[in-house]
Structure formats: structure tokens, C-alpha cells
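Each number in the working numbering corresponds to the 1-based position in the sequence shown with 40 added.
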Amino acid sequence: MVQTNNKGFTLIEVMITLVILSVGILAMSLMQVQAIKGNSSAFSRTNANAIAFTFLEELRRIPFDDANLTSGTNLDAGKAPSGGNPVPTDADHLYNPTNSPTLAGMYQLNDNNIVDNSGKEFQLFWNVTTNSITIGSNTYSPYCTIRLFMYWNTLMGVNSVSFTTIKFNNT
């Protein structure tokens, strides 16, 4: 009488198990890569927000008649169209460190792009519209609207933030 050993796994069962396990590990590694990209994008967005708010606060602090607040006609000038690239040369104001000496020493620069501590470059520009009212025969400009745009590249593509604020003429 021949005894057969029915205990254990056959080679086919082991191979199928290895294939299923390999597919699972590959899927997890792809998810990890996407998570790293997402974390990098979130880190860049946090830096962009911090830098943009710093500039926005500086624009609100400077005198109402400062050259950085000269009025244009379109608050969205230079803004990237959906899925496109920005055209900062269409904007009223491009970041230029010589026009903002207070902020020039705060950040590293590459041309007129701001560079954060991780080496990411941010492109900054803004538009201003001055709103005038007439009382009797006098025209006043009690406030202006500032819209600031910041663009940068990440592993997930071109990203942007934009902020709009109102600056009152306190003079």
C-alpha cells in the first residue's frame, strides 16, 4: 500500500499566493508614492499661503499712494486660465525686491521668484483697482481692492493661491 501525503501545499498554490501577495504589495507601494506626492503638495501650499499672507499684509501696511498700489483695470489680469499657465506680465505688479525692501531680505530670490527653505520657487504678482466716490464736486478714493496671485510647480502639477483684500485710505 502506497501512502500519500495530503498535507502541505502544492507548488501551484504557493505560486498563486506569491502572485496575489506581490500585487497587493505593489498596490500599497503605489499608494505610498501618491501619499508622498500629496504631502509634498500640502507642504508647498502651506509655504505659499504663509508667503502670500506676508506679502498681503505688507501691501496693506504700506501708504495708500505707494507705487506698489497703482491701480489697474482688471483684478484677474495675469491669472492662469483653467488648465493653463499664468501670464504675470499682464498683471499690474510683479514682485520686484527693489520695490519691496522690507520683504526683500526675508526670502531667497531667483530672478524675481521667491524661493522657500526647501528650494521651491514661487511666482508672485498682484493687481489693484482703486474705487472712487464723488461727494459734491470732490472725488475721493477711500479704498482699493488688491488681488494677489501666487503660482508654483509640484509633482502634482501647477498650483496656485489667490487672495483678495481691501485696503482703506486712512489719510
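Where is the CB? At the ideal position from N, CA and C, for every residue including glycine. These numbers were taken from a predicted model, which means no experiment stands behind them.
In the DSSP assignment, the residues bridged to Val198 are Asn193. Take the alpha-carbon of Leu70 and the one of Asn210: they are about 55 Å apart. With 16 or more other Cβ atoms from the protein chains shown falling within 10 Å of its own Cβ, Tyr191 counts as buried. In the structure shown, the three-state DSSP call for Asn136 is coil. For Gln74, the enclosing alpha helix (DSSP H) stretches over residues Leu51 to Arg101. Contact check for Asn108 and Leu99: beta-carbon distance about 6 Å, within the 8 Å limit, so the pair qualifies. Taking the CA atoms as reference points, Asn136 sits about 6 Å from Asn152. The beta carbon of Asp156 is closer than 6 Å to those of Asn87 in its chain, skipping five residues each way along the sequence. In the DSSP assignment, Val168 falls within the beta strand (DSSP E) that extends over Glu161 to Ile175. Secondary structure of Pro182 (DSSP, three-state): strand. Leu115 sits in coil when the DSSP states are folded into three classes, being neither helix nor strand. The secondary-structure analysis by DSSP pairs Leu188 across a beta bridge with Trp166 and Phe203. Looking at the backbone, the Cα of Ala90 and that of Asp130 are separated by about 24 Å. In this chain, the beta strand (DSSP E) harbouring Asn150 covers Gln148 to Asn150. Thr94 and Ser122 have their alpha carbons spaced roughly 26 Å apart.
By the CB criterion at 7 Å, Val168 and Ile186 fall inside the cutoff.
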